[in-house]
Every structure is written in structure tokens, then in C-alpha cells.
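S.K.: Please find one structure pasted underneath; my questions will follow.
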Amino acid sequence: MSTNNTIDVGVLGYRFMGRAHSNALARLPMFFPDAPKIVRHTLIGRDEESLTEAAEQFGFTNTTTDWKEAIEEVDVIYNLGPNHIHPEPSIAALEADTHVFCEKPMAPTLRQAKEMRETAADSKALAGCAFNYRFVPAIKYAKRLIEDGELGEIHQFRGRYLQDWLVDPDAPWSWRSDAELAGSGALGDLGAHTIDLARFLVGDVERVSGHLRTFVDERPVEGEDENRPVTVDDAYSAQAELEDGVMGTFEASRFATGHKNDHIVEVHGSKGSLKFSLERLNELELLRDDNRGYETVLVTDESDPYIDHWWPPGHIIGWEHTFIHENYEFLTAISEDKEFSPSFEDGYRVQRILDAIQQSNKQHEWIKLDTMK
Ligand code: SOE
């Protein structure tokens, strides 16, 4: 912590995730007065003009185009740029014992994720991987139900994450279309969330069989008379065996016409089942073994996770709150010198599963995780 007992935060990236986390940092003192005091210290990016504009809008005091300089000046670096930007600054920060909060997926390749995890293990600083959906109140509620045995012995986990922003073949090429920059497509961008939730709710993955598909193999570059190849998947599906014999099925697509941000998780146990849908994130559908079908539980009571910080029962919260909750937990862990999960270990373990799914697709066979290097 800085000498003035604040956590000085440097944020790398000021687009989608930069905005989501900056909003969280701004809201924290208002709704989580017990959170450590933070300073929105430095915003980091490449283009000075847009950076200055974003810093003003997001309430940052300083800007820099040099992340190395920022590492020296702040207590924590938020690494929110495109996937290929995750490894180098994260590793450098952890080597300097500066805390790191890194967006998912951890890195484009498993080799890089492994290096990040090893550096984190050797660092005095905390390294968190920002899987924000763990911090939805209904997901935490679901975890408690599963842990308390309310669903009995767990048999199946099913998760799918559907979007449709690439259905149009003229949707422009971006870093998200490129294997070197992104690592994978729907698999890493969306599947990483589902797989993290499977690990969080039910248990780790032991073997997988995967299938990847690219429907449009080149896309126009915005503002230029050029097409570039798409080298990542538009959709994936996988079947998995999880710990304790739990059967898993995972799926994601950016080609699911009409589905905007449709992330669904279902768990079946010997005494009941549950369903969660991100598009109705204040609810959990619960089925007890009484043949009366699913009941909808509204997870907005004061006794529900995080809700006492917000509004009276029934006053729903949204997607942006998941970032506020995860920032609260991560920054509190820093100030209290405690562990935080999802950690870089979790990020790496998800990355192994993503990699195994890619390998399985190539080799047309099941991949056992314990045989992977
Ligand atoms: C885009 O597909 C995206 O923003 C992902 O990158 C996020 O992780 C997900 O939460 C929403 O969709």
C-alpha cells in the first residue's frame, strides 16, 4: 500500500473492460464503505489523445503510454487490454511485486499462462484473474446450495454461452479474430467463463473432447480495402468428465442468431436441479425432487450475497455490479494480505482446459488433463 494508506491503481486499457472496471472503482467507496481506500492513479494506453479523454471521463489523475513506468508508480496494475497484452506487463509487474488483476482468458497460449502462473507463485504480490461471473449473487447462492448438499450428489453440469455479433459476414475483423492476438475465439472469450463456473460450482475437469468451427474465414478490415483471415473459432462445443464422475457439456458461439449475451448454467443432482441465466441474473431456477417443476427464486434479499450493499429486496442489480463485487473482493484481499480466487492458478487451470479442447479438436480424440505438459 502507498504511504498514505491507499491502494493506487493503474489501469491498462480504456475500452470495454477498462470502462467496466473504472466504473467499479468509482462506485466502490459509495456502496462498499468498508472497501480499502483506492486512488484511480494512472490510466495506461497507446493513443495519447484518447487516453487523456478517457482519463478525464473515468476519473484518473495521470496517464502514461509506458506500462513499465506505471508499474513503478502504482500498487496494482489492472491488465484489461486484448489477450496478447496480458502476459508481458503482468509478468513484469509481478516480478516487481506490484499486484495484478488480469482479464480472462489469461493469455493467448498455455505456455504464456504457465509462465504467468509461475511468476505469480514466486511473487509477493497478489495475482487475480477477473472471472466476474463468480461474483453474481445468484451464482454465489448456487454454490452455497451445492456445497450444503441441497441438490444431493451432483451428476451433470451444462453450460453454454451464446452471442451473435459475428453472424453478419461483413462484421469487421478485430484482434478477437486472430489466433496470435486472442489465442482462440468463442472458446477463450466465452468458454473460459463457463469453464471457470464449472470449476467453481462443481469441480475440476479431468478429460475433454472438443469440436471447434469457423463459419466465416475472412473479414473486412474497417476503413480499408482489405480482408484479413479469421484464424479462431466462431463456435465450440465440448464434452467433459469432471471430478467425482460429474458429466459436463460446454458450448459457446458468436454465431447464435438472436442471442446477445446468453450464458446459461445448469446443474443436476440426485435431489434437485438448478438453472441460471445471465440475462436474468437476479434469479435462480430451482427444482427440488418433488415433481412440481422449477420455482423461480429472486436472489435480491438482504441476506443474499452482496445485496445488503445495494437496494431493498426486489430492487434488481445488473451486469456491471459483478465487476464491483470482484473489485471489492480483490482489493480487500490486497489490503488484508489474504488469498484471492480466482487466482492466476485458476486462470492457468482454465487455460489448460481451453488448450485441451483445441488439441482434442485437432487430434480427434479425448485429451486427459493430467497427461498434458
Ligand atoms: C465479448 O464477447 C464479451 O465482452 C466477453 O469478452 C466478455 O468476457 C463477456 O463477459 C461478454 O462478452
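At position 273 of the sequence shown the residue is numbered 273 (full-length UniProt numbering), and the sequence of numbers has no breaks.
Glycine is no exception: its CB is placed at the ideal position from the N, C-alpha and C atoms.
Report, in whole angstroms, the separation of the C-beta atoms of Leu-331 and Pro-36, which I expect to be a contact under 8 Å.
M.R.: Here the question's residue 331 lines up with position 331 in the sequence shown. Here the question's residue 36 lines up with position 36 in the sequence shown. That pair is a contact at about 5 Å.
S.K.: I need the DSSP call for Ala-238, collapsed to helix, strand or coil.
M.R.: Working through the sequence shown from its first residue, we reach residue 238 at position 238. The answer is strand: DSSP assigns Ala-238 an E or B state.
S.K.: Can you find a heavy atom of the ligand SOE that lies under 8 Å from the Cβ of Lys-104?
M.R.: Position 104 of the sequence shown, counted from the start, is the residue given in the question as residue 104. Result yes, Cβ under 8 Å from the ligand SOE.
S.K.: Keeping to the same chain, check which residues put their C-beta closer than 7 Å to that of Gly-269; ignore five residues upstream and five downstream.
M.R.: Numbered from its first residue, the sequence shown carries residue 269 at position 269. Answer for Gly-269: Leu-151, Gly-152, Glu-153, Ile-154 and His-155, listed in chain order.
S.K.: When you compare only the Cα positions, how much space is there between Leu-201 and Val-216?
M.R.: Residue numbering aside, residue 201 sits at position 201 when the sequence shown is read from its first letter. Residue numbering aside, residue 216 sits at position 216 when the sequence shown is read from its first letter. Whole-angstrom Cα-Cα distance: 34 Å.
S.K.: Between which two residues does the alpha helix (DSSP H) containing Asp-262 stretch?
M.R.: Reading the sequence shown from its first residue, position 262 is the one you call residue 262. Run containing Asp-262: none in the alpha helix (DSSP H); it sits in the beta strand (DSSP E), 262-269.
S.K.: Which two residues bound the contiguous alpha helix (DSSP H) that contains Leu-181?
M.R.: One-based indexing of the sequence shown puts residue 181 at position 181. Leu-181 -> alpha helix (DSSP H) spans 179-182.
S.K.: Is it true that the CB of Thr-296 sits closer than 9 Å to the CB of Ile-316?
M.R.: To locate residue 316, count along the sequence shown from 1; it is residue 316. To locate residue 296, count along the sequence shown from 1; it is residue 296. Not in contact: Ile-316 and Thr-296 (Cβ atoms no closer than 9 Å).
S.K.: Leaving out five residues before and five after Thr-42 in sequence, what residues of the same chain have Cβ atoms less than 7 Å from its Cβ?
M.R.: The sequence position of residue 42 within the sequence shown is 42, counting from 1. So the list reads Gly-10, Phe-60, Asn-62, Thr-63, Thr-64, Ala-70, Glu-73 and Val-74, once near-sequence residues are dropped.
S.K.: If you drop the 5 nearest sequence neighbours on each side, which residues of the same chain put their C-beta closer than 7 Å to that of Asp-337?
M.R.: Walking along the sequence shown from the start, residue 337 turns up at place 337. Excluding positions up to five away in sequence, the list is empty.
S.K.: What's the gap between the Cα of Ala-171 and the Cα of Val-221?
M.R.: The count along the sequence shown starts at 1 and reaches residue 171 at position 171. The count along the sequence shown starts at 1 and reaches residue 221 at position 221. C-alpha separation (whole angstroms): 9 Å.
S.K.: Decide if Ala-142 is buried, meaning its Cβ has at least 16 other Cβ atoms within 10 Å, or exposed.
M.R.: Numbered from its first residue, the sequence shown carries residue 142 at position 142. Buried, by the Cβ-count rule.
S.K.: In chain order, what residues of the same chain lie with their CB nearer than 8 Å to the CB of Gly-258, ignoring the 5 residues before and after it?
M.R.: The residue labelled residue 258 in the question sits at position 258 within the sequence shown. Taken in chain order, the residues that qualify are Asp-164.
S.K.: Check the C-beta distance from Thr-231 over to Ala-179 and give it rounded, since I have them as a contact under 8 Å.
M.R.: Here residue 231 refers to the residue found at position 231 of the sequence shown. Here residue 179 refers to the residue found at position 179 of the sequence shown. With a Cβ gap of about 4 Å, Thr-231 and Ala-179 count as contacting.
S.K.: As a quick exercise: from Pro-137, Ala-186, Asp-308 and Ile-146, pick the residue whose alpha carbon is nearest that of Ala-256.
M.R.: By 1-based counting over the sequence shown, the position of residue 256 is 256. Ala-256 has its Cα closest to that of Ala-186, out of Pro-137, Ala-186, Asp-308 and Ile-146.
S.K.: Please report the Cβ distance between Gly-188 and Val-246, rounded to the nearest whole angstrom; I am assuming they are in contact, meaning their Cβ atoms lie under 8 Å.
M.R.: Translated into the one-based positions of the sequence shown, residue 188 becomes position 188. Translated into the one-based positions of the sequence shown, residue 246 becomes position 246. Incorrect: roughly 23 Å between the Cβ atoms, too far for contact.
S.K.: Once the 5 residues before and after Cys-129 are set aside, which same chain residues still bring their CB inside 7 Å of it?
M.R.: To locate residue 129, count along the sequence shown from 1; it is residue 129. Around Cys-129: Cys-102, Lys-104, Met-106, Pro-342, Ser-343, Phe-344, Asp-346 and Gly-347.
S.K.: Tell whether a beta-carbon distance below 9 Å holds between Ala-235 and Ala-198.
M.R.: Residue numbering aside, residue 235 sits at position 235 when the sequence shown is read from its first letter. Residue numbering aside, residue 198 sits at position 198 when the sequence shown is read from its first letter. It is not a contact, given that the beta carbons lie outside the stated cut-off.
S.K.: Quick one: what's Arg-40 bridged to in DSSP?
M.R.: Indexing the sequence shown from 1 puts residue 40 at position 40. Beta-bridge pairing links Arg-40 to Val-9.
S.K.: Closest by CA to residue 385, which one among Trp-311, Leu-287 and Leu-281?
M.R.: Absent from the structure is residue 385, since the part of the chain shown begins at 1 and ends at 373.
S.K.: Just mark Trp-67 as buried or exposed, buried being the case when its beta carbon has 16 or more other beta carbons within 10 Å.
M.R.: One-based indexing of the sequence shown puts residue 67 at position 67. Classification of Trp-67: buried, given that the 10 Å Cβ count is 16 or more.
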